[in-house]
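Residue numbers (the working numbering): 43 to 294. The structure under discussion appears below in the form of structure tokens.
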């Protein structure tokens, strides 16, 4: 993952339909990216060793977080449990992270949570997005974690595409590089990220034409084009797998 993002070895050392909706998150972007802070110089008379020891003893600066940003025009779909399924969070590195301090645009990861396409939300730690966002942001990435409408192939596809388009049109406000967007996902999210990167009916061109720089799919399902479809349109995975995905209703 770090090599895909261009972080190399440095990553291990350092602990966005779309444009029309962009104006709504200007305040959020300004709050999370107010400018590039600089470390204060050591106090006069302090030795270099003392200043270094103090710096290492200090608690690490927190990852910055902008929450509940709609990635579609309007407020987005809120389900019965109060989750806005068409909004996202943005995790940004601490202002004193070396790459943030240099003012350079940072690599971007758009990460989709799992949950068998029927359950889960970006805000629930069990489904991984909060920890994923915190972890990669602390290492110098801008991480976008969308929610998406569940239980319907067309809705999942529409929302996933809209979230990536939001990132391409808006992420520079948060310090991210729109030319270096990696799509990622776990489980069902791995299927979504792979579809975005390789299936032209999702995101025309995908990786090949540079709409996204790459993808990282984690424990995904890759032989189903439409998880809720039946017959040949479902791809090669039919029968028991497809029947399993039809069982039950979305919990979230």
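Note that beta-carbon positions come from the ideal geometry of N, C-alpha and C, so glycine has one too.
Would you mind sorting residue 112 into buried or exposed? The rule is 16 or more other CB atoms within 10 Å of its CB. The count along the chain shown starts at 1 and reaches residue 112 at position 70. Per the 10 Å Cβ criterion, buried.
Can you tell me whether DSSP reads residue 129 as helix, strand or coil? As a working mapping, residue 129 is identified with position 87 in the chain shown. Here residue 129 sits in strand by DSSP.
Tell me the DSSP bridge mates of residue 226? The residue you call residue 226 lines up with position 184 of the chain shown. Paired residue(s): 153, 258.
If you draw a straight line from the C-alpha of residue 239 to the C-alpha of residue 145, how long is it? Taking the first residue of the chain shown as position 1, residue 239 is located at position 197. Taking the first residue of the chain shown as position 1, residue 145 is located at position 103. C-alpha separation (whole angstroms): 29 angstroms.
Touch test, the segment 173–191 against the segment 119–129, Cβ-Cβ under 8 angstroms, three pairs minimum: Yes, since at least three Cβ pairs between the segment 173–191 and the segment 119–129 fall closer than 8 angstroms, the two stretches touch.
What I want to know is whether the C-beta of residue 154 ends up closer than 7 angstroms to one or more non-hydrogen atoms of the ligand HEM. Among the components modelled here there is no ligand, and therefore nothing to report on the ligand HEM.
Might you give, ordered along the chain, the residues of its own chain that have their beta carbon closer than 6 angstroms to the beta carbon of residue 264, omitting 5 neighbours on each side? To locate residue 264, count along the chain shown from 1; it is residue 222. If we look at residue 264 and ignore the five residues flanking it on each side, its Cβ neighbours are 236.
Just how far apart, CA to CA, sit residue 174 and residue 157? Here the question's residue 174 lines up with position 132 in the chain shown. Here the question's residue 157 lines up with position 115 in the chain shown. For residue 174 and residue 157, the distance between alpha carbons rounds to 15 angstroms.
Is there contact between the segment 222–229 and the segment 147–156, where contact requires at least three CB pairs shorter than 8 angstroms? yes
Find the nearest neighbour of residue 170 within the set 201, 186, 124, judged by alpha-carbon distance. Counting from 1 along the chain shown, the entry for residue 170 is found at position 128. Looking at the Cα atoms, 186 is the closest of the given residues.
Which of helix, strand or coil DSSP assigns to residue 192: Mapped onto the chain shown, residue 192 falls at position 150. In the structure shown, residue 192 sits in coil (DSSP, three-state: anything other than H, G, I, E or B).
Alpha carbon of residue 231 to alpha carbon of residue 138, nearest angstrom: Along the chain shown, one-based indexing puts residue 231 at 189. Along the chain shown, one-based indexing puts residue 138 at 96. About 31 angstroms.
Simplified DSSP assignment, three categories, for residue 221: Start at 1 with the first residue of the chain shown, and residue 221 comes out as number 179. Three-state result, residue 221: strand.
Taking the alpha-carbon positions, what's the residue 210 to residue 218 distance? Here residue 210 refers to the residue found at position 168 of the chain shown. Here residue 218 refers to the residue found at position 176 of the chain shown. Rounded to whole angstroms, residue 210 to residue 218 spans 9 angstroms at the Cα level.
With a Cβ-Cβ cutoff of 8 angstroms, do residue 106 and residue 140 count as a contact? Locating residue 106 in the chain shown gives position 64, counting from the first residue. Locating residue 140 in the chain shown gives position 98, counting from the first residue. No, these two residues do not count as a Cβ contact at 8 angstroms.
If the criterion is Cβ atoms closer than 8 angstroms, does the pair residue 114 and residue 204 meet it? To locate residue 114, count along the chain shown from 1; it is residue 72. To locate residue 204, count along the chain shown from 1; it is residue 162. Yes. Within cutoff.
Go ahead and label residue 256 buried or exposed: buried means 16 or more other beta carbons lie within 10 angstroms of its beta carbon, across all protein chains shown. The count along the chain shown starts at 1 and reaches residue 256 at position 214. When all chains shown are included, residue 256 counts as buried.
Rounded to a whole number of angstroms, what is the C-alpha to C-alpha distance between residue 202 and residue 242? Residue numbering aside, residue 202 sits at position 160 when the chain shown is read from its first letter. Residue numbering aside, residue 242 sits at position 200 when the chain shown is read from its first letter. Cα-Cα distance, rounded: 13 angstroms.
May I ask you to list the residues that DSSP assigns as paired with residue 263? The residue labelled residue 263 in the question sits at position 221 within the chain shown. Looking at the DSSP assignment, residue 263 forms no beta bridge with any residue, so it has no partner.
Among 176, 259, 197, the one whose alpha carbon lies nearest that of residue 118: If you number the chain shown from 1, residue 118 lands on position 76. Among 176, 259, 197, the Cα nearest to that of residue 118 belongs to 197.
For residue 246 and residue 253, I'd like the C-alpha separation in whole angstroms. Position 204 of the chain shown, counting from 1, holds the residue named residue 246. Position 211 of the chain shown, counting from 1, holds the residue named residue 253. Cα to Cα, residue 246 sits roughly 8 angstroms from residue 253.
Neighbourhood of residue 244 by C-beta distance below 8 angstroms, restricted to the same chain and skipping five residues each side: Locating residue 244 in the chain shown gives position 202, where the first residue counts as 1. Excluding residues within five positions, the ones whose Cβ falls inside 8 angstroms are 199, 202, 203, 237, 238.
Beta-carbon contacts of residue 260 that lie in its chain and below 6 angstroms, excluding the five residues immediately before and after: What you label residue 260 is simply residue 218 of the chain shown in a count that begins at 1. Here the set comprises 228, 232.
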